[in-house]
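Working notes for the structure below.
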Amino acid sequence: MLRAVLIDDDKISLNVLQNNLTLLDGLVEVAGVFTKPADAVQAINSLAPDLVMLDIEMPEINGLELAKELSAKRDNLALVFVTAHSEYALEAFRANAHDYLVKPCSTEDLKKVLLKIRKRLRPTAKAASQLVVKNEPFRIRTAGNLELYADTDPEPIRLTDKISELLAYLLCQKKNKIRKRELQALFWPEQEPEKSMHSLYTAVYRLKSMLRKNNFPFDLLSQQGYYQVALWDCQIDFETVQKLAADNQPISDSQRELYETVVNGYSNKFLFSHDYSWARGFADQIENDYRTIALRLLHYYIREQLESAFTLSERLERRFPYDDEIQTLILRLLSIRADETVVRQRYEKYRQRLRKECGMPPSVAFVRSYFELLGH
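Be aware that the sequence shown starts at 23, since it is given in this note's numbering, and climbs by one per residue.
Structure (structure tokens):
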């Protein structure tokens, strides 16, 4: 999925563009929305977008100049100008624009442009979306789906569906000894014990052969009735999330970039695309760890970088729509930037959504925090 930043001084045009992109589910994630170009320049590295969609005629800075400034701060950034003025097309392409759309643009126009950019930036987009914290030669990605990478190849190692699921399960259990009978019962429950054992041995052989063919540093050690995973020189993204969540210290300035890499890199729930029934409990644990990290970063932004705090809070609300703590922080941000009426409206909107969609009121702690913000 591509990550996009939108920049336009016209709020109405910006809202229309954002809403149209939202309809292209699974193709693009709006990582940030800005009416002030200077705020976008400040936040561009922390948001780590693949592309920027921007207007040309803006009061603070011409969009063509802004595009040069953004490109200088972030390599391999795709630029798409969305403007009401068709006469700028030649200048836009001279500024290395990937595409040029004239307002109002349809969702079909947007889809064509985004598919073209995704194809053109495919290796870069994959690299940007992965959680790379240290320079290990091999990486395993589990955010959304399971993908294995070697540094020498931007494309993932291809595995069959059954082998991919078996590997995913082994990775979740890699710190433990894994009973062979457990794997038989989970993956071949309809087969007789002797046949399921044969199926297991065949699957393990194919898994090891596929990975050995790609020089992937993986082995499965067989003991009496058990398997034990052996894996070295390899970074697994969910383990990075777990380790960072276990650090209970507030974020320091020196750690900010690491947290941004993790929060931006783990862009979807653990193995969400596969929907393995056995993975749901483990996925909930990783998602809770991710929430811990993201909230820690949000608190840091509230102290140090308000514009980034607003952007991250919007992303977290989409990912955790019924989280009272996130809603409390959103109200806190609004109380800094807006008047009491806006805070009241936001509280009421959330309260009604909870009642309509979940059949429950906000928590006592959330209500208490709301009244404290109002000075009651």
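The C-beta atom is built at its ideal place from N, Cα and C for all residues, glycine as well.
Bear in mind the structure is a predicted one, so any value in this text is a computation, not a measurement.
In the three-state scheme derived from DSSP, where H, G and I count as helix and E and B as strand, Ile200 is classed as strand. When beta bridges are read from the DSSP output, Phe103 appears opposite Leu76 and Tyr122.
Counting the other Cβ atoms within 10 Å of the Cβ of Asp306 gives fewer than 16, which makes it exposed.
Distances from the alpha-carbon of Phe292 to those of Glu169, Glu279 and Arg368 put Glu169 closest. Closest by C-alpha distance to Phe103, out of Val27, Gln271, Pro176 and Ser299, is Val27. Beta-bridge pairing by DSSP links Gln245 to Tyr248.
The stretch 295-374 is shown to contain no whole beta strand (DSSP E) run of 3 or more residues. Counting along the chain, Gly397 sits inside no alpha helix (DSSP H), nor does DSSP assign it H or E at all.
Taking C-beta separations shorter than 8 Å and ignoring five residues to either side along the sequence, the partners of Gly247 in its chain run Arg201, Lys202 and Arg203, following chain order. Nearest Cα to Gly287 within the set Pro71, Leu43, Asn42 and Thr44: Pro71. Proximity to Phe209 across Ala225, Lys196 and Lys199 peaks at Ala225, based on C-alpha coordinates. DSSP places Tyr288 outside any beta strand (DSSP E), giving it a letter other than H or E.
Excluding its 5 nearest sequence neighbours in each direction, Ile352 has C-beta neighbours in its own chain below 6 Å: Ser335, listed in chain order.
When C-alpha distances from Glu187 are compared across Leu222, Lys217, Asp61 and Phe388, the shortest belongs to Leu222.
When rounded, the separation of the alpha-carbon atoms in Glu329 and Arg278 is 15 Å. The three-state secondary structure of Asp275, taken from DSSP, is helix. By the CB criterion at 8 Å, Glu347 and Leu317 fall inside the cutoff.
Here Gln349 is actually not in contact with Phe393; their C-beta atoms are around 14 Å apart, not less than 8 Å. Around the Cβ of Asp61, a 10 Å sphere holds 16 or more other Cβ atoms; the residue is buried. The beta-carbon separation of Leu69 and Ala94, rounded to 16 Å, does not stay under the 8 Å limit for a contact.
Beta bridge pairing from DSSP links Phe160 with Ala172 and Cys256.
Annotation for Ser385: Asp346 place their beta carbon closer than 7 Å to its own, counting only its chain and skipping 5 residues before and after.
Taking 8 Å as the cut-off, the Cβ atoms of Tyr281 and Leu320 do not count as close. Of the candidates Leu39, Ile185 and Lys199, the residue whose Cα lies closest to the Cα of Glu130 is Leu39. By the neighbour-count criterion, in which 16 or more other beta carbons inside 10 Å mark a residue as buried, Thr105 falls on the buried side. Take the alpha-carbon of Ala207 and the one of Arg302: they are about 18 Å apart.
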